[in-house]
Amino acid sequence: MNLDKTDEKILKNLMVDARLSARQLALKLGMSTVTVLSRIKKLEKEKIIHGYTAIIDHEKLGYSLTAIIEIMAKKDKIVDIEEEISKFENVCGVYDITGSTDTVVIAKFKERGELSKFVKSLAAIPNVENTNTHVVLNTIKEDFRLT
0 MNLDKTDEKI LKNLMVDARL SARQLALKLG MSTVTVLSRI KKLEKEKIIH GYTAIIDHEK
60 LGYSLTAIIE IMAKKDKIVD IEEEISKFEN VCGVYDITGS TDTVVIAKFK ERGELSKFVK
120 SLAAIPNVEN TNTHVVLNTI KEDFRLT
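Have a look at this one:
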């Protein structure tokens, strides 16, 4: 699906505030509510919009540890391993990457014991050959919205 400037404006506004009603968005963009609604439905149908969510401060919920974990795996099992890892509750992102590492996982934890248990469970997954864990010291920016 090719996005035009109107679709892009709708998406940018929804990324900033997903609670905007179609009426509010239409007023803001100078178009009809029906047009905005039909475009949003089209974006949802095309799976460009997967859902609507709140952006929360994980640290205020007690998730003070962020880990970036590199995983090396047997080459024919990478996708299976990534799919299994993506089901873990603490996992925020699983990335299939280029380079000497096969996969990078970003996960959040409330305490070191949780992180330790998680890393050991990763190492126990069949066909995981090695892991390398990095603990984030300071988060300068964490926002995946392209605004």
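Residue numbers (numbering that gives the first Met the number 0): 0 to 146. Every residue, glycine too, gets a C-beta built ideally from N, C-alpha and C.
What does the alpha-carbon distance come out to for the pair residue i and residue j?
i	j	result
V127	E110	24 Å
G98	A72	13 Å
D142	I55	10 Å
E43	K59	31 Å
L136	E82	28 Å
R22	L145	23 Å
Within a Cβ cutoff of 7 Å, which residues of the same chain sit near residue i, ignoring the five residues on either side of it in sequence?
i	result
V134	L64, A66
Where does residue i sit, in a helix, a strand or coil, going by DSSP?
i	result
N131	strand
G92	strand
I80	helix
K140	coil
E148	The structure shown does not extend to residue 148, since the chain is modelled only from 0 to 146, so the question has no answer here.
T102	strand
T52	coil
M71	strand
F87	coil
Candidates the options: which alpha carbon is nearest residue i's?
i	options	result
K8	R22, V35, M0	V35
S20	K74, Y51, E45	Y51
L2	C91, K27, I48	I48
E45	L24, D6, I77	D6
K74	K116, D95, T138	D95
K140	K116, S31, R18, H57	H57
I84	G112, G61, P125	P125
Keeping to the same chain, check which residues put their C-beta closer than 8 Å to that of residue i; ignore five residues upstream and five downstream.
i	result
T100	E69, I70, M71, N131
Looking at chain C, is there any beta carbon in it that lies within less than 8 Å of the beta carbon of residue i?
i	result
H49	You won't find chain C in this structure, because it holds only one protein chain.
CB of residue i to nearest heavy atom of the ligand GDP: below 7 Å?
i	result
S120	Absence of the ligand GDP from the depicted structure is noted, as is the absence of any ligand whatsoever, leaving it without description.
I want to know whether the stretch 97 to 115 touches the stretch 50 to 65 - three or more CB-CB distances under 8 Å. The stretch 97 to 115 is in contact with the stretch 50 to 65.
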